[in-house]
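Numbering (my numbering), first residue to last: 151 to 558. Beta carbons: idealized from backbone N, C-alpha and C, even for Gly.
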């Protein structure tokens, strides 16, 4: 099933504004009809709308908007607003100078909405694929309080910190998986193309082969005949897992619970979830967002279903008058230090500052844990590769060694 992002296309349009002056631009949409309707809503009478053609061989440069792009944009906008550059002009400067064509189109669309009288938070909320509810809520709070430049700076810091955490977690998960995939590919190549050459050599020996060699030869024969079943099974298995993760809440809860219990990896995921929780709630508090409303956004930002369910339960408890540190303690997910610092923050009226310190601490903990994991995994991976690849090589050379002894 195609996602909403995959259905969005870029359209080039021409038309006349409310003053009757000719204007043109680019925008994203699902169809020409919807684009025309959106332009009319903005007070523009479209005279020509066409789908932008895609360049041959992908020569148009990067078009996919990533979370990293949004993080960089947040910092650029915060810097410009802090420097006194007007909002519309800031979007114009950032959009025209962006190397990512998709990002330029996105910013142009937001700028057009703002020029039409829409607030920044409303303009951003029209693009939920890129600006989530948390982002829009923070911007709205900044607009209401008249401190948009300050809030944008907090958003930029928040996005930078959360993207850094995501990158660390991705590194921790990707490195061992990549090594295992390379080892698997090398093993398959040896079994399909190299081992059969040795098998032809062994057929002229006229003697029984060692048990280890027989096992490897049998594996090679099976792989030559049923390689398609192996790769097909792996492909189907990955597809099923991805679909289950996308559609099944029960599977996601099971997977996240299992990952949290894994040695080493589980500890990193715990720390990352706590860091996200503290960073998000600190940012929402600093922006003046009401606690119950903030908890709703925090739940969607923790990155783990177990923590998400816990935060939503905490939100219900807080809405009935329970202190947030008490709700955190009852969840049995937060370390004593985090609960105590939150309690101190509540007593002193500085929850945002305390949670920011908690976030800083756990982000540093994640950094150290990932570095330690990499250092720990390197010798283990080398040993694994040595056993797998070395075992195949030894199995093939055993008959040659035995033959040498007989001849000797």
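Starting from residue 216, trace the alpha helix (DSSP H) in both directions and tell me its first and last residue. Where residue 216 is concerned, there is no enclosing alpha helix (DSSP H), given that its DSSP letter is neither H nor E.
Using beta-carbon positions only, say whether residue 291 and residue 438 come within less than 7 angstroms of one another. Yes, the Cβ-Cβ distance between residue 291 and residue 438 is below 7 angstroms.
State whether the segment 516-523 contacts the segment 313-325, with contact taken as three or more CB pairs (one from each stretch) at a distance under 8 angstroms. yes
Taking the continuous alpha helix (DSSP H) assigned at residue 459, which residues delimit it? Here the alpha helix (DSSP H) through residue 459 covers 455-469.
Spatial distance of residue 164 from residue 181 (CA atoms): Going by the C-alpha atoms only, they are around 16 angstroms apart.
Provide the residue span of the alpha helix (DSSP H) that contains residue 194, from first to last. Element bounds for residue 194: n/a, residue is neither H nor E.
Counting only the same chain and skipping the five closest in sequence on each side, list residues whose C-beta sits under 6 angstroms from that of residue 479. 489
In angstroms with no decimal places, state the Cα-to-Cα distance between residue 410 and residue 419. 6 angstroms
Cutting at 7 angstroms between CB atoms, please list the residues of its own chain near residue 303, excluding the five before and the five after it. 228, 232
Considering just the uninterrupted stretch of the alpha helix (DSSP H) at residue 280, what are its terminal residues? Element bounds for residue 280: n/a, residue is neither H nor E.
Could you compute how far the alpha carbon of residue 458 sits from the alpha carbon of residue 500? 24 angstroms
Tell me the rounded alpha-carbon separation between residue 252 and residue 277. The straight-line gap from Cα to Cα measures roughly 13 angstroms.
Classification of residue 381 by the beta-carbon crowding that lies within 10 angstroms, buried from 16 upward: exposed
Can you list, in chain order, the residues of its chain with a C-beta nearer than 8 angstroms to that of residue 507? Leave out the 5 residues immediately preceding and following it. Here the set comprises 491.
Since residue 109 and residue 454 are thought to touch, with beta carbons under 8 angstroms apart, how far apart are those beta carbons, to the nearest angstrom? Outside the shown range of the chain, which is 151 to 558, sits residue 109, and nothing can be said about it.
Residue 502 and residue 432: beta carbons closer than 7 angstroms? yes
Residue 474 beta carbon less than 7 angstroms from that of residue 329: Against a cut-off of 7 angstroms, the Cβ pair of residue 474 and residue 329 comes out as no contact.
Which of the three DSSP states is assigned to residue 477 in this structure? Residue 477: helix per DSSP, three-state reduction.
Can you give me the start and stop residues for the alpha helix (DSSP H) that residue 385 sits inside? 361-397
Suppose the cutoff is 7 angstroms on Cβ atoms and the five residues either side in sequence are ignored; what does the same chain contact list for residue 446 look like? 465
I need the DSSP call for residue 484, collapsed to helix, strand or coil. coil
Return helix, strand or coil for residue 542, following the three-state DSSP convention. helix
Taking the CB atoms as reference points, tell me whether residue 230 and residue 240 lie closer together than 7 angstroms. yes
With DSSP run on the structure shown, which of helix, strand or coil describes residue 206? Because the pLDDT at residue 206 is just 44, under 50, the model does not fix this residue reliably, and the value given afterwards should be weighed accordingly. In the structure shown, residue 206 sits in a helix (DSSP, three-state: H, G or I).
Cβ of residue 160 within 7 angstroms of Cβ of residue 202? Yes.
Alpha-carbon spacing of residue 559 relative to residue 314, whole angstroms: In the structure as shown, the chain begins at 151 and stops at 558. Residue 559 is therefore absent and cannot be evaluated.
Would you please state the rounded distance, in angstroms, between the beta carbons of residue 359 and residue 348? I believe it to be under 8 angstroms. Incorrect: roughly 10 angstroms between the Cβ atoms, too far for contact.
Cβ of residue 342 within 7 angstroms of Cβ of residue 374? yes
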